[in-house]
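Take a look at the structure below.
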Amino acid sequence: MKSRYTAWIIAMLVGAWTILVLSHFFQNFPLIHLPEILLNGAAIGILVLFFTAVGRRVLRYLPVAFPSFAEECCVSFGLGTGIIIGVLILLAAIGLVYKLLIVLVMLGLAALVYGEAKAICLRGYAAWSKDSFRSLSGVEVVWLLLMGVAAAITFLAAATPPYFFDALVYHLAVPQRYLLHHGFQYLPYHHFSNFPMNLGMLFLVGLSLSGGILAKLISWMFAPMTAIAIYSFAISRWGRQVALAAAAICFLVPGVLILSTLTAIDLGVMFYSFLSFTALLSWFSTRQRSWFVLAGVFCSLAVGSKYTALVTTLLPLLLILGVHELLTHTPRVWAGVRATILLGVIVLVGMSPWLIKNTLYTGNPVYPLFNSLIGTKVSHEYTYYEQKLSRTNPLYALLQDENADGSRWAEIGEVSLSALKAPWTVTMTTTRAAGKTGVLFLLCLPWVLLIKKMDTFSRYLLALGVCAFWLWVILLPQTALRYVFQMFPPFSLVTAYVLWQLPVSERQKTLISGGIGLLLIYHLCFLGGALTTLRPFTYLFSNQSQEEFLVDHGVTYYPAIQYINYETLPDAKILYVGEIRGYYCERDFLLATDAYRVDEAIILRQLIVESESVPEVVEKLRDRGITHLLMNLAEMARFAKNDLKRESYFGFPTAQDQQRLERLLSPQYVRLLVSQHQVNVYELR
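Spelled out as structure tokens, the structure:
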């Protein structure tokens, strides 16, 4: 009895000491953003379940058989997100994009699919409770631990306010405009707003339910979902060891890890592309029409998110499909042509809302591409993209030049040689943001080439990955590596499959697995290096405010935008000068996304050059509805030095134009409202 009381007293003292230490520690070092992280984490988990349940409900009506429950869930998730994207496109088309309505639609759909969500949870729990998961080998435990660590680190890094440049320009900025204007809106001079926006519409869910952080986590979720999709595809075909290894190899690609901490669309494109690849392979083996349709649907979701997927997703699909039908059916030619046309039609129908929108607004369904070929009704049309393509792609230039001389052929020869060296070059260099492949794929290349026998699935996956990579190298030169992240899932599966097919002993396979594990840990170190630059944890653990965090991460216009949001009238309209990032602004604005590339896109410059006096400039600004000017002096200096290659951002042709600008910014015509971090906000008098 005495010993029991002693134990209780000791436990109470230890408990009191623990409470005392923790309470004082967190008073001095409070995690003020912890509730926000927990709420957004719970929200992303609920959304994953919701999307999966919606897709699974629809799959009930399709005669399709899945080899595993995990694969069914991944396909359901992809289809469910596609359905939500379609619903939001419809709401935007009819002008009903309201936060409350989006939430009500989500709740209504959640009520309809509650039974599916419950069934998914029960079956998922049963699957994870099986003895097979309790008998993991040491190597398999390592794969799971590596993926778990990567998922935790990238989740925390993603649970911060968005600051990625591309997201602030259009990935989040354009959906935010749709939300503020309750539907599609034509944004003149904002060429990126005419790009397909499937994933942007999905970000609308996050913006409506919580804000930018949840939208950022929606971007993050496609990284672990791709790893799960890889696992689900491989486990029923090659076993658990290959499945876990392939999932870990793909998830721990340095570029994938880095991009998962930002707000981008490329991970979503990678996910949908992989689902389209595997759906096509399933159709090859089963000939179930539903798999063929799903391949087209998922491909359309990828292409409807990014035009470059036409090259790196659709073209590989069509090539592999055509070759497969040509070799396996009679009449061979007609079978291949018919199948490729049908798949192309499905993809075209799936992305047609964006083509129709562009046609209505600009007269060119793929604006801002191929304006010189198709034409456009936009008065401020530029041919920058065609000029860039002709400069970077000699094959395109040759097709445009009927009198191509020998020097052009020599140039093509140089590019061909560069393309042959591309696997080495891409591995050994950083190709733009998140442009790291890691070393594993190049290291394992000899084993892939020397293995005597590969099964059908691995051969097709290898062909799809190779086609995606070389089409990117040839047709999209000098673009970011993330444009071809579609190659990573197939290459990861082939790498894992080949390593486990090597004619070596189990002990040697264990040593090989250990070597791969060390390389993947090194890939995690790449992420650590990137995080020292991106510094996401200052928001989570240093208790920075959102404003402090964003300013520290280069979003220096945020304080000025907050002033505009709270201190200006709702009908104010802001002209951005030297700034092309529109996200966070809750007022109407006018900016040109090419304002750092061509003089014609610098709107204020053009108004001054075309005017005879300052009052005329002011009158033209008022005619456009402009009430305020936002000038980012630091960005103007950066654009002038790095992009326009001159001393002055405006680069006026005459001294009189420069004088008109100086007079325009005088107290006679404008009133300075705020000036912080070299960002000035003026109000027109």
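Start counting the sequence shown at 67; every next residue gets the next number (this note's numbering). Beta carbons: idealized from backbone N, C-alpha and C, even for Gly. All values derive from a computational prediction rather than experimental measurement.
{"Query": "Residues near K282 by beta carbon distance below 6 Å, same chain, minus five either side", "Result": "A224, P228 and T329"}
{"Query": "Euclidean distance between Cα positions of S356 and D665", "Result": "51 Å"}
{"Query": "Proximity winner among F135, L154 and M417, relative to S302 (alpha-carbon distances)", "Result": "F135"}
{"Query": "Bridge partner(s) assigned by DSSP for Q742", "Result": "V745"}
{"Query": "Per DSSP, the bridge partner or partners of R737", "Result": "E749"}
{"Query": "Identity of the residues DSSP links to V643 by a beta bridge", "Result": "M697"}
{"Query": "Any non-hydrogen atom of the ligand PLP closer than 6 Å to T442 Cβ", "Result": "You won't find the ligand PLP in this model; it holds no ligand whatsoever."}
{"Query": "C-beta atoms of I440 and N430 nearer than 7 Å", "Result": "yes"}
{"Query": "Nearest neighbour of R737, chosen from L696, Y338, A700 and G107 [CA to CA]", "Result": "L696"}
{"Query": "Whole-angstrom distance between G111 and Y191, CA atom to CA atom", "Result": "15 Å"}
{"Query": "Option nearest A368 by Cα separation, candidates G583, M263, A546 and R243", "Result": "M263"}
{"Query": "Rounded C-alpha distance that separates T634 from N698", "Result": "19 Å"}
{"Query": "CB of M550 within 7 Å of CB of A529, strictly", "Result": "Checking the sequence shown, residue 550 turns out to be Val, not Met. Result no, Cβ atoms of V550 and A529 do not sit closer than 7 Å."}
{"Query": "Backbone CA spacing between Y433 and A546 [nearest angstrom]", "Result": "21 Å"}
{"Query": "Beta bridge counterpart(s) of D654 as assigned by DSSP", "Result": "K639"}
{"Query": "Residue closest to L585, alpha-carbon to alpha-carbon, out of F358, L325, A311 and P555", "Result": "A311"}
{"Query": "Close Cβ partners of L128 (< 6 Å) along its chain, the five nearest in sequence each way excluded", "Result": "S356"}
{"Query": "Three-state class that DSSP yields for W74 in the structure shown", "Result": "helix"}
{"Query": "Buried or exposed (CB count within 10 angstroms, at least 16 for buried), A721", "Result": "exposed"}
{"Query": "Complete runs of the alpha helix (DSSP H) confined to the region 259-330 [at least 4 residues]", "Result": "264-275, 278-304, 306-317 and 320-325"}
{"Query": "Assigned exposure category for N260 - 16 Cβ within 10 Å defines buried", "Result": "buried"}
{"Query": "Helix, strand or coil at F436 according to DSSP, with G and I counted as helix", "Result": "coil"}
{"Query": "DSSP state of Q354 mapped onto helix, strand, coil", "Result": "coil"}
{"Query": "Own chain partners of A158 with C-beta closer than 6 Å, once the 5 adjacent residues on each side are dropped", "Result": "Y244, G249 and F250"}
{"Query": "CB-CB length for R123 against V179, believed under 8 Å", "Result": "5 Å"}
{"Query": "Reduced DSSP secondary structure (H/G/I, E/B, other) of F143", "Result": "helix"}
{"Query": "Distance, R726 Cα to A293 Cα", "Result": "58 Å"}
{"Query": "Neighbourhood of E468 by C-beta, 7 Å cutoff - its chain only, sequence neighbours within 5 removed", "Result": "Unreliable placement is indicated for E468, whose pLDDT of 47 sits below 50; the coordinate value is still reported in the next sentence. There are no such residues."}
{"Query": "Length at least 4, wholly inside the region 349-425: the alpha helix (DSSP H) runs in chain order", "Result": "355-369 and 381-394"}
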